[in-house]
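According to this note's numbering, the residues represented by the sequence shown are 11 to 696, in order.
Ideal Cβ positions, reconstructed from N, Cα and C, are used throughout, including at glycine.
Source: prediction; values computed, not measured.
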Amino acid sequence: RLCELLDNAGRGWRKLAELAGAEKRFRCSAEELEMCSLKVLEPRGSPTQCLLQLLAERDCTLRYLLGCLERMGHEQACRVLSSAVQDMIRITVQPESQVVAEGTQVSLTCCATGPPGLAYQWFCGRQEVPGATSPELVIDTAAPAGQPEWYICRVNCGATFTFSRWAHVQVEKSSSPSSASGYCLTMAGLQILRQPRPCRLAEGDTLALECRAIGNPPPQYQWFRNRRPVEGAQAPQLQVKLVTTAERGSYSCRVFNLFHEVWSQEVDVEIGEGPRQTSVTLHLLSSQAGVSHSTTTPPSPVPAATDKVALLIGNMHYLHHKQLQAPIVDVHALGALLRQLDFKVVSLLDLRRAEMQMAVDEFLLLLDKGVYAGLLYYAGHGYENFGNSFMVPIDAPSAYTSEHCLCVQRVLREMQQRRTGLNIFLLDMCRKRNLNDDVIPQVGALEVTANIVFGYATCADAEAYELSQGELSNGIFVTFLKRWLLEDEKITVLLDKVAEDMGTLEITRGRQALELRSNLSERRALTDPIRPPGQDESSARNLQWAKAHVLPESRHLRFDCGVTVQLGFAAEFSNIMIIYTRVVAAPKDITKCEARLTDIPEELDVDLKCTNKESPEEVGSPLAPVWSLGCPSCCLYSRICGLQKLRQELAFTICLQYRYQGMDDFVEERQRVNVGRPLIAKLNLQ
11 RLCELLDNAG RGWRKLAELA GAEKRFRCSA EELEMCSLKV LEPRGSPTQC LLQLLAERDC
71 TLRYLLGCLE RMGHEQACRV LSSAVQDMIR ITVQPESQVV AEGTQVSLTC CATGPPGLAY
131 QWFCGRQEVP GATSPELVID TAAPAGQPEW YICRVNCGAT FTFSRWAHVQ VEKSSSPSSA
191 SGYCLTMAGL QILRQPRPCR LAEGDTLALE CRAIGNPPPQ YQWFRNRRPV EGAQAPQLQV
251 KLVTTAERGS YSCRVFNLFH EVWSQEVDVE IGEGPRQTSV TLHLLSSQAG VSHSTTTPPS
311 PVPAATDKVA LLIGNMHYLH HKQLQAPIVD VHALGALLRQ LDFKVVSLLD LRRAEMQMAV
371 DEFLLLLDKG VYAGLLYYAG HGYENFGNSF MVPIDAPSAY TSEHCLCVQR VLREMQQRRT
431 GLNIFLLDMC RKRNLNDDVI PQVGALEVTA NIVFGYATCA DAEAYELSQG ELSNGIFVTF
491 LKRWLLEDEK ITVLLDKVAE DMGTLEITRG RQALELRSNL SERRALTDPI RPPGQDESSA
551 RNLQWAKAHV LPESRHLRFD CGVTVQLGFA AEFSNIMIIY TRVVAAPKDI TKCEARLTDI
611 PEELDVDLKC TNKESPEEVG SPLAPVWSLG CPSCCLYSRI CGLQKLRQEL AFTICLQYRY
671 QGMDDFVEER QRVNVGRPLI AKLNLQ
């Protein structure tokens, strides 16, 4: 249908290609556009279909595509795509596996949302259950106890269908040993048959805890970690694949029904680092000492290139120091370029001391033997004393010392222990002496690894500057780094070219010059390809990276008055999220209505003056033109910062205000919304 609308229209596929290309990864080359246009010569060829295929191969989302069509002003195409999105069937309530006593009834429930006229059909194994065509299936367990029966529900609307997940019903004899010796449902509402057990795992293992109970009505489950509910963990078995240290803690399960509640025993889950080869630590040559005559081990072979990961930190809004402007633009620009080079990127703004340390710890979990490159970029205030560089967090006091900051050399030492193939530090900060700090930190000996590259934005005892360009500011370093970052050059050669370009800028000549320090002995470039990793090699770090990039799913809220509100999300950084609300349907007798975001958790950094704005530019972000491309029009936008501070799941209220025809007063309805832990909040940096 889209092809019919866009193949021969004035506002057709070429305009769509132009608008989609505003984001570089979706930009089509002249050859690709010519390939699309030549499709008209084929009997059933379609330029639009060819273009959509190119966008699909580059992971273009339906949301982004819809935004492009809206900016084209093609209302008919927008309606076609919107209806296609709405026709998707989503399971909202999944049937849960249960253990029940013989002779009782058990209920399984499956609920779904989608187009009108949804039909349900339950199956036991591969056989249809006769007459089971409603969301609830009631099963009589008078049959003898034995192997569990497996049930699944199909939900369809015409030819469109989806299946629920499998649920099994295990029937226990009331007098069996596993049923607590003569357990009687009429005397006690709930009884736990199987308690969870403590365990110790390595990163990348699968965590499996189980709590089984019987009761009447059937029991429900909610797992807790450190006495806080685990999102989505409402089944008898809690399973987490590819665990990391973020999952360690004390676990328990709350078992309940309409009348009773019991708790399982609390068990400890310990998660340590995976096995790693023992390494021999060798001292780096001291700048004050002569040549070391220590015996060294032969160099290890080049590690297999399986991953490239980057942590980008930008500190701007300092509590006791001068505010900076450039880090937000620099971190975003650098992150976009590194993603084009297949780096896994975590980008964070405005971190306190503890948050910076936790972010670095999580970054180290992404590194392991076989990782080709680990890159750390920092933009913000900094200093250098006695050859050690320090990154200053936003909560550093006015007279800060090394104990208030993060030492770059300590991070390097920990990176070396992870056996990363290439360690890159790009430090966009001042390197003046800190006269308040006369302590020489004991960093410890570094290994001779011939794989370290330091790119300093400025020389020792010098300052780094920002460059204002209209409303935006860029650091001098990143302004020139962007020109070369995608070039297929050895990293040291690339940084040399950046240094040469920086030297041509008149306003900073004699004030700021890039300094390169490296002991790199091989040709290694940021553009070097990586081979697809095996499941065992990188599953833990892939999971860790993926957790920091999970946005809540867009959803529709239906209010009693008949109004439907779309709630959507976009990511600006790993710890900054945009929430937008849009009224998508309203009864004819309602003349005006809008949905506003309220009751946002106090620990988050939210400027209430910049919430519920009618245009993206009003929320106070210079990057609004970038993230707003994927958002629909006619929305109210709010920018939520500091997601790493969340102590619990993100919950807020959508306040709907509307007015009926012929009335002056507004009516108000509210809905509470819980979206879990979005983006970096999933890593529990608190």
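Notebook entry, point to check: Which residues mark the beginning and the end of the beta strand (DSSP E) in which Asp278 is found?
Noted result: Val277 to Gly282
Next item on the list: Check Gln333 in the structure and name its three-state DSSP category.
Entry: DSSP places Gln333 outside both helix and strand once states are collapsed to three, so it counts as coil.
Notebook entry, point to check: Who are the Cβ neighbours of His342 in its own chain at under 8 Å, not counting the five residues just before and after it?
Noted result: Ser357, Glu582, Phe583, Leu633 and Val636
Margin query: According to DSSP, Asp150 sits in a beta bridge with which residue or residues?
Written below: Beta-bridge pairing links Asp150 to Gln115.
Next item on the list: Just grab the DSSP bridge partners of Met401 for me.
Entry: Gly392 and Leu416
Note to self: Whole angstroms are fine: how far does the CA of Leu377 sit from the CA of Gln427?
What the structure shows: For Gln427 and Leu377, the distance between alpha carbons rounds to 10 Å.
Next item on the list: Determine the extent of the beta strand (DSSP E) in which Val677 is found, giving its start and end residues.
Entry: For Val677, the uninterrupted beta strand (DSSP E) run begins and ends at Val677 to Asn684, by DSSP.
Next item on the list: Spatial neighbours of Ile434 within its chain, please: CB distance less than 6 Å, with the 5 preceding and 5 following residues excluded, ordered by chain position.
Entry: For Ile434, where only same-chain residues beyond five positions count, the Cβ hits under 6 Å are Leu385 and Val463.
Notebook entry, point to check: If you follow the alpha helix (DSSP H) that Arg363 is part of, which residue opens it and which one closes it?
Noted result: Arg363 to Leu375
Note to self: Using C-beta distances below 6 Å, list every residue in its chain close to Asn684, excluding the 5 sequence neighbours before and after it, in chain order.
What the structure shows: Glu659 and Ala661
Next item on the list: Evaluate Pro688 with the Cβ neighbour count: other Cβ atoms within 10 Å of its Cβ, from every protein chain shown; 16 or more gives buried, anything less gives exposed.
Entry: buried
Next item on the list: Please confirm whether Cys209 and Cys263 have their CB atoms less than 9 Å apart.
Entry: In this structure, the beta-carbon distance from Cys209 to Cys263 does not fall below 9 Å.
Next item on the list: With DSSP as the reference, please indicate the residues paired to Cys167 in a beta bridge.
Entry: Thr170
Notebook entry, point to check: To the nearest whole angstrom, what separates the beta carbons of Leu200 and Ala223, a pair I think is in contact under 8 Å?
Noted result: 6 Å
Next item on the list: Could you tell me which of Leu348, Asn446, Met366 and Gln367 sits nearest to Glu394, measuring between CA atoms?
Entry: Asn446
Next item on the list: State the DSSP-derived secondary structure class of Cys13, mapped to helix, strand or coil.
Entry: helix
Margin query: Here's the rule: buried if 16 or more other CB atoms are within 10 angstroms of the residue's CB, otherwise exposed. What is Glu431?
Written below: Looking at the sequence shown, residue 431 is not Glu but Gly. Buried is the call here.
Note to self: For a quick check, are the C-beta atoms of Leu495 and Leu526 less than 9 Å apart?
What the structure shows: no
Check: How many Å lie between Arg533 and Glu499 at the Cα?
Finding: The C-alpha of Glu499 is placed about 8 Å away from the C-alpha of Arg533.
Margin query: Using a Cβ distance threshold of 8 Å, determine whether the stretch 61 to 70 contacts the stretch 620 to 633, with at least three qualifying pairs required.
Written below: no
Check: Exposed or buried, what is Arg441 when buried is set at 16 or more other beta-carbons lying within 10 Å of its beta-carbon?
Finding: By the Cβ-count criterion, Arg441 is buried, with 16 or more other Cβ atoms from all chains shown falling within 10 Å of its own Cβ.
Note to self: Spatial neighbours of Ser186 within its chain, please: C-beta separation below 6 Å, excluding the five flanking residues on both sides.
What the structure shows: Its pLDDT being 38, under 50, Ser186 is placed unreliably by the model, and the measurement read from it follows with that caveat. There are no such residues.
Item checked: Cut-off 8 Å between Cβ atoms - residues of its own chain near Lys34, not counting five sequence neighbours on either side -> Ala346 and Gln350
Check: Rounded to a whole number of angstroms, what is the C-alpha to C-alpha distance between His178 and Thr255?
Finding: 31 Å
Margin query: Taking 8 Å as the cut-off, does the stretch 635 to 653 touch the stretch 585 to 598 (at least 3 CB pairs, one atom from each stretch)?
Written below: Taking 8 Å as the limit for Cβ pairs, the verdict is that the stretch 635 to 653 does touch the stretch 585 to 598.
Margin query: Looking only at its chain, what residues have a beta carbon closer than 6 Å to the beta carbon of Asn18, apart from the 5 residues adjacent to it on each side?
Written below: none
Next item on the list: Hey, could you find the ends of the alpha helix (DSSP H) Tyr74 is sitting in?
Entry: Leu72 to Met82
Next item on the list: Mind checking which residues open and close the beta strand (DSSP E) that includes Arg222?
Entry: Arg222 to Gly225
Next item on the list: Could you say if the stretch 593 to 607 and the stretch 663 to 681 meet the contact criterion of at least three C-beta pairs nearer than 8 Å?
Entry: Yes, they touch.
Next item on the list: Go through the stretch 198 to 255 residue by residue and report every complete run of the alpha helix (DSSP H) that reaches 4 residues or more, in order.
Entry: none
Margin query: Going by DSSP in three states, Trp176 sits in which element: helix, strand or coil?
Written below: coil
Item checked: Leu530 CB to nearest heavy atom of the ligand SAM below 8 Å -> Absence of the ligand SAM from the depicted structure is noted, as is the absence of any ligand whatsoever, leaving it without description.
Note to self: Let me confirm a value: Trp273 is counted as buried when at least 16 other C-beta atoms fall within 10 Å, else exposed. Which label applies?
What the structure shows: exposed
Next item on the list: Can you give me the start and stop residues for the alpha helix (DSSP H) that Thr58 sits inside?
Entry: Pro57 to Glu67
Notebook entry, point to check: Since Glu604 sits in a beta bridge, which residues does DSSP pair it with?
Noted result: Gln667
Notebook entry, point to check: Out of curiosity, what's the CA-to-CA distance linking Phe173 and Lys507?
Noted result: 56 Å
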